[in-house]
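The structure appears below as structure tokens.
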Amino acid sequence: MASGTERSSVPVDLEKSAQHRSVWSTLGRWWRNQPLPRFVSATLLRRILVSNLIGLAIFIIGIFYLSNSRAWLIDAKREALRVQGEIIAAAIAGDAKVETERLMLDPTKLPISGDARIPFRDDGFAALELSIRPERVAPILRRLIKPTNTRARIYALDGTLIVDSDKLLRRGAIIPNNADAENNDDSDSASAGRVKTKNFWTRLTRWLLDKKLPVYREIDSGLGTSYPEVRIAMTGRTPTSMVLLSEKGEQIVSLAVPIQRMKKVHGVLLLSTRPGQIDEIVAEDRNNLLLLALLALIATVSISLLLARTVAGPIRHLAETAKVVSNDIIAQHELPEMTDRRDEVGLLARAFSKMTSALLGRLEASERFAADVAHELKNPLTAARSTAESLGYAKTEEQRDHLIEQIQQELKRLNRMITEISSASRLDAELARQQREPVPLRDLLESVTSIFRDKAETNNVSLVLDVPAGVPANSFTIYGNDSRIAQVVTNLVDNAISFSPAGGKVIISVRRDGDVVELVVEDEGPGIDEENLEKVFARFYTYRPDKGGSRTNNSGLGLNISREIVAAYGGTIRAENRYQNPNAPSQGRLGARFVVRLPASPLHPRGGVDGTRHG
618 MASGTERSSV PVDLEKSAQH RSVWSTLGRW WRNQPLPRFV SATLLRRILV
668 SNLIGLAIFI IGIFYLSNSR AWLIDAKREA LRVQGEIIAA AIAGDAKVET
718 ERLMLDPTKL PISGDARIPF RDDGFAALEL SIRPERVAPI LRRLIKPTNT
768 RARIYALDGT LIVDSDKLLR RGAIIPNNAD AENNDDSDSA SAGRVKTKNF
818 WTRLTRWLLD KKLPVYREID SGLGTSYPEV RIAMTGRTPT SMVLLSEKGE
868 QIVSLAVPIQ RMKKVHGVLL LSTRPGQIDE IVAEDRNNLL LLALLALIAT
918 VSISLLLART VAGPIRHLAE TAKVVSNDII AQHELPEMTD RRDEVGLLAR
968 AFSKMTSALL GRLEASERFA ADVAHELKNP LTAARSTAES LGYAKTEEQR
1018 DHLIEQIQQE LKRLNRMITE ISSASRLDAE LARQQREPVP LRDLLESVTS
1068 IFRDKAETNN VSLVLDVPAG VPANSFTIYG NDSRIAQVVT NLVDNAISFS
1118 PAGGKVIISV RRDGDVVELV VEDEGPGIDE ENLEKVFARF YTYRPDKGGS
1168 RTNNSGLGLN ISREIVAAYG GTIRAENRYQ NPNAPSQGRL GARFVVRLPA
1218 SPLHPRGGVD GTRHG
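Shown next, in the form of structure tokens:
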């Protein structure tokens, strides 16, 4: 049951596969008919340009996408701020001393660079009893923050801002936190509404990241507890970092570190990168990428144009010349052969020129064939007409019967010649249309031998088939059409029998020679004159010695047709003589030998099996 179900499911799978192919074929035709694909595929230049530009665009977009994520830079900044914050927090806590449960800083232990002095502020803020005093923290921030271009703020446990490195470094001294009204106004205006971003890339980044990152808002002298990272650090947890966006869409990395002494938190150090610092680094990289992308674009377009010039140009010239040749085949010499090119375009040009030359050769061969046919048909017609005219002069009944017999023989010869001419004229077209398949040559030889055995016995000729014993039958398999191969063998065997004398022998043998199957047909006739070994394959060649067959029994097309068939299947055929002593041809000939060599079928095992020809 299972096997039956599997067999029944095969047609269903094939039907589904055919439906899928039909759907994809329909979609493909629809796509090719759209304006954009039609425009792109109109010329080879456009195809080359679009293909190269698509790859370049994907590469550039990928690079910009990866660079825009800034993940690697943000991670590096986070790590740098963490290390820097731990060092500064440890320095603040380590250089302090404890007095009445307060964390006091000893300024004498911290060298001050230059002539800068930290004035003691006698104001309301100084009257507050804070664990960390600003005049004691300022030297540490001045020494450790200035080289790093990082903003540092220290908040007390109640969120009060103690020191802001921006104000400290800008003024050269500690100033009241409620001063700098200008900054407050700017901060208020920034908080009141969004400031227009600087450029397209910043706006794009803000649009992409605005929904993912919180917006950083400057609180100036406000409570530090407004910052989530500060609130977390006040609990004594591990330093916490956050990625924020400024009002202008610029990324800021912020990190809060608790200032601890004796496992007790006395304040919070808030470090943050400058607004636009990360964006400036990314912008610099992006500008470099834009420059490289521009250079790559110029190179891509230049290479595409050069490729189109070296490929599309010659092909267009070849097509234009082909149009001229199609109207006048004699102009085929104008086709560019491009002998200096070794690429595919040069191969195409030379193949096109060779094809045109072959076509011209076929046309000339057709003209010669027509002329030869006209000439050969005139001979039997002229002989029949002359014999018919002689009937009026016949004096006896025997003379009349003899003349009538001659006329009938000429007409038979004419009929046979017309049949073979018709077959020869259709040969090229039929060879091109007929399907090629493996042909077992040994089986075919056995069939032909059995057909000609009666004729050989009638002519008192022995017909021998010599096939090596112990060799697999498929070793003699060739690739072609069985009816055409049989026609070649039939022509050779019939020709050998007609030339063999009474009591003679015709030997048909086959052997394997590497990748070639060799067929040999030998007779014991008079042989062939050396100067005629090639002429026997010419069209309408009918010369025979006196002891051979009659001229009227042959049209002279058999060997010519055989050579055409063998050549169409990639083989060769040659004629040679058999000598008593090959080294001394003058001692006499034993007969003629025709050798046919055809490629063995690639669908069957190959090997160098040699047969031995007896006799």
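Residue numbers 618 to 1232, in my numbering, belong to the letters of the sequence shown in order.
Virtual Cβ for every residue (Gly too), placed ideally from N, Cα, C.
Problem set entry | L778, enclosing beta strand (DSSP E) - first and last residue | The residue given as residue 778 occupies position 161 in the sequence shown. L778 to D781 is the span of the beta strand (DSSP E), which, as asked, contains L778.
Problem set entry | Per-residue DSSP class, three states only, for I1145 | Within the sequence shown, the letter at position 528 stands for residue 1145. Here I1145 sits in coil by DSSP.
For this session: State the Cα-Cα distance for the pair N1149 and E984, rounded to the nearest angstrom.
Result: Working through the sequence shown from its first residue, we reach residue 1149 at position 532. Working through the sequence shown from its first residue, we reach residue 984 at position 367. Each residue's Cα considered, the two are about 24 Å apart.
Problem set entry | Residue of A769, Y1158, G963 and R695 minimising C-alpha distance to T927 | One-based indexing of the sequence shown puts residue 927 at position 310. Looking at the Cα atoms, G963 is the closest of the given residues.
Exercise. Whose CA, out of I876, A773 and S871, lies closest to the CA of G853?
Worked result: In the sequence shown, the residue the question calls residue 853 occupies position 236. With distances taken between Cα atoms, G853 lies closest to I876.
Problem set entry | Assigned exposure category for T973 - 16 Cβ within 10 Å defines buried | Counting from one through the sequence shown, the residue named residue 973 turns up at place 356. Buried.
Problem set entry | Simplified DSSP state of F1211, which is helix, strand or coil | Along the sequence shown, one-based indexing puts residue 1211 at 594. DSSP places F1211 in strand when its eight states are reduced to three.
Exercise. Just how far apart, CA to CA, sit I792 and K784?
Worked result: In the sequence shown, counting from the first residue as 1, residue 792 sits at position 175. In the sequence shown, counting from the first residue as 1, residue 784 sits at position 167. Legend: pLDDT at I792 = 41, less than 50; position of this residue unreliable, value from coordinates given subsequently. Rounded to whole angstroms, I792 to K784 spans 7 Å at the Cα level.
For this session: Look at the alpha carbon of L906 and the alpha carbon of D896, and state the distance between them as a whole number of angstroms.
Result: Translated into positions along the sequence shown, residue 906 becomes position 289. Translated into positions along the sequence shown, residue 896 becomes position 279. Separation of L906 and D896 (C-alpha to C-alpha, rounded to the nearest whole angstrom) is 15 Å.
For this session: Since I believe R1206 is in contact with N1194 (beta carbons under 8 Å), could you give me their beta-carbon distance rounded to a whole number of angstroms?
Result: By 1-based counting over the sequence shown, the position of residue 1194 is 577. By 1-based counting over the sequence shown, the position of residue 1206 is 589. Contact flag correct, Cβ pair sits at about 5 Å.
Exercise. How long is the line joining the alpha carbons of L912 and L673, rounded to whole angstroms?
Worked result: Within the sequence shown, numbered from 1, the residue matching residue 912 stands at position 295. Within the sequence shown, numbered from 1, the residue matching residue 673 stands at position 56. If I take the Cα positions, the gap works out to 11 Å.
Exercise. From V885 to T855, what does the alpha carbon distance come to, in whole angstroms?
Worked result: For the purposes of this step, residue 885 is taken as the residue at position 268 of the sequence shown. For the purposes of this step, residue 855 is taken as the residue at position 238 of the sequence shown. Just so you know, the alpha carbons of V885 and T855 end up roughly 12 Å apart.
For this session: Can you have a look at A888 and say buried or exposed, based on whether 16 or more other CB atoms are within 10 angstroms of its CB?
Result: Taking the sequence shown and counting its residues from 1, the one referred to as residue 888 is at position 271. The question names Ala, yet the displayed sequence has Leu at residue 888. By the neighbour-count rule (16 or more Cβ atoms within 10 Å), L888 is buried.
Problem set entry | For T842, the first and last residue of its enclosing alpha helix (DSSP H) | Locating residue 842 in the sequence shown gives position 225, counting from the first residue. Taken as a continuous stretch (DSSP letters only), T842 belongs to no alpha helix (DSSP H), as it is neither H nor E.
Problem set entry | Counterpart residues of P1216 in DSSP-defined beta bridges | Residue 1216 sits at position 599 when you count from the first residue of the sequence shown. Assignment of beta-bridge partners to P1216 by DSSP yields V1133.
For this session: May I ask you to list the residues that DSSP assigns as paired with P875?
Result: Taking the first residue of the sequence shown as 1, we reach residue 875 at position 258. Bridge partners of P875: V885.
Exercise. In three-state DSSP terms, what is D1083?
Worked result: As a working note, residue 1083 is residue 466 in the sequence shown. In the structure shown, D1083 sits in a strand (DSSP, three-state: E or B).
For this session: Would you kindly work out how many angstroms separate the C-alpha atoms of K995 and D960, rounded to a whole number?
Result: Taking the sequence shown and counting its residues from 1, the one referred to as residue 995 is at position 378. Taking the sequence shown and counting its residues from 1, the one referred to as residue 960 is at position 343. When rounded, the distance between both Cα atoms is 52 Å.
Exercise. Which runs of the beta strand (DSSP E), 3 residues or longer, sit entirely within the stretch 978-1012?
Worked result: The qualifying runs do not exist here; there are none.
For this session: Assign F1093 to buried or exposed, taking buried as 16 or more other Cβ atoms, counted over all protein chains shown, within 10 Å of its Cβ.
Result: Position 476 of the sequence shown, counting from 1, holds the residue named residue 1093. So F1093 counts as buried.
Exercise. Does the Cβ-Cβ distance between F1069 and L1080 come in under 9 Å?
Worked result: To locate residue 1069, count along the sequence shown from 1; it is residue 452. To locate residue 1080, count along the sequence shown from 1; it is residue 463. Their beta carbons are under 9 Å apart, which means F1069 touches L1080 by this criterion.
For this session: On a CA-only basis, which of K880, L774, L935 and K881 is nearest R848? Give me that one, please.
Result: For the purposes of this step, residue 848 is taken as residue 231 along the sequence shown, with counting starting at 1. Distance from the Cα of R848 is smallest, within the candidate group K880, L774, L935 and K881, for L774.
For this session: Give every residue of the same chain whose Cβ lies closer than 6 Å to the Cβ of A706, excluding the five residues on either side of it in the sequence, and list them in chain order.
Result: By 1-based counting over the sequence shown, the position of residue 706 is 89. Around A706, the same chain offers V874, I876 and L886 as residues with beta carbons nearer than 6 Å, after the five sequence neighbours per side are excluded.
For this session: Please confirm whether N1112 and L1031 have their CB atoms less than 9 Å apart.
Result: What you label residue 1112 is simply residue 495 of the sequence shown in a count that begins at 1. What you label residue 1031 is simply residue 414 of the sequence shown in a count that begins at 1. For the pair N1112 and L1031, the CB atoms are not nearer than the 9 Å cut-off.
Problem set entry | Nearest residue (CA-CA) to E1139, options I1124, V1133, L1082 and V918 | Here residue 1139 corresponds to residue number 522 of the sequence shown, with the count starting at 1. Comparing C-alpha distances from E1139 to each of I1124, V1133, L1082 and V918 shows the shortest one belongs to I1124.
For this session: Name the two residues that bound the continuous alpha helix (DSSP H) containing I771.
Result: Here residue 771 is taken as the residue at index 154 of the sequence shown, counted from 1. Where I771 is concerned, there is no enclosing alpha helix (DSSP H), although the beta strand (DSSP E) around it starts and stops at R768 to Y772.
For this session: Would you grab the beta carbon distance between I1021 and V1105 for me? Rounded to a whole angstrom, and I think it's under 8 Å.
Result: The residue you call residue 1021 lines up with position 404 of the sequence shown. The residue you call residue 1105 lines up with position 488 of the sequence shown. In this structure, I1021 and V1105 do not form a Cβ contact; the two beta carbons are roughly 37 Å apart against a cut-off of 8 Å.
Problem set entry | Of the residues T1036, V1153, T999 and Q1023, the one placed nearest A1209, counting alpha carbons only | Residue mapping note: residue 1209 aligns to position 592 of the sequence shown, counting from 1. Among T1036, V1153, T999 and Q1023, the Cα nearest to that of A1209 is on V1153.
Exercise. Just how far apart, CA to CA, sit L670 and R903?
Worked result: Position 53 of the sequence shown holds residue 670. Position 286 of the sequence shown holds residue 903. So the alpha carbons of these two residues sit roughly 20 Å apart.
Exercise. Are the beta-carbon atoms of F1211 and L1109 separated by less than 9 Å?
Worked result: Numbered from its first residue, the sequence shown carries residue 1211 at position 594. Numbered from its first residue, the sequence shown carries residue 1109 at position 492. In contact: F1211 and L1109 (Cβ atoms closer than 9 Å).
Exercise. Applying the criterion that 16 or more other CB atoms from any shown protein chain within 10 Å of the CB defines a buried residue, is A879 buried or exposed?
Worked result: In the sequence shown, the residue the question calls residue 879 occupies position 262. Looking at the sequence itself, residue 879 is Met, so the reference to Ala does not match. Per the 10 Å Cβ criterion, exposed.
For this session: Please name the residue or residues paired with R1240 in a DSSP beta bridge.
Result: This structure leaves residue 1240 out entirely; the chain is present only between 618 and 1232.
Exercise. Among all the DSSP beta bridges, which residues are the ones paired with P1055?
Worked result: For the purposes of this step, residue 1055 is taken as residue 438 along the sequence shown, with counting starting at 1. Its beta-bridge partners are Y1096.
Exercise. If you draw a straight line from the C-alpha of D957 to the C-alpha of A968, how long is it?
Worked result: Position 340 of the sequence shown, counted from the start, is the residue given in the question as residue 957. Position 351 of the sequence shown, counted from the start, is the residue given in the question as residue 968. Between D957 and A968, the C-alpha separation is close to 14 Å.
Exercise. Three-state secondary structure (DSSP) at R933?
Worked result: On the sequence shown, position 316 is the one that residue 933 refers to. Correct three-state label for R933: helix.
For this session: Return the residue from the list Y1196, G1131, K1072 and F1157 that minimises the CA-CA distance to I1178.
Result: Translated into the one-based positions of the sequence shown, residue 1178 becomes position 561. Checked all of Y1196, G1131, K1072 and F1157; the closest Cα to I1178 is F1157.
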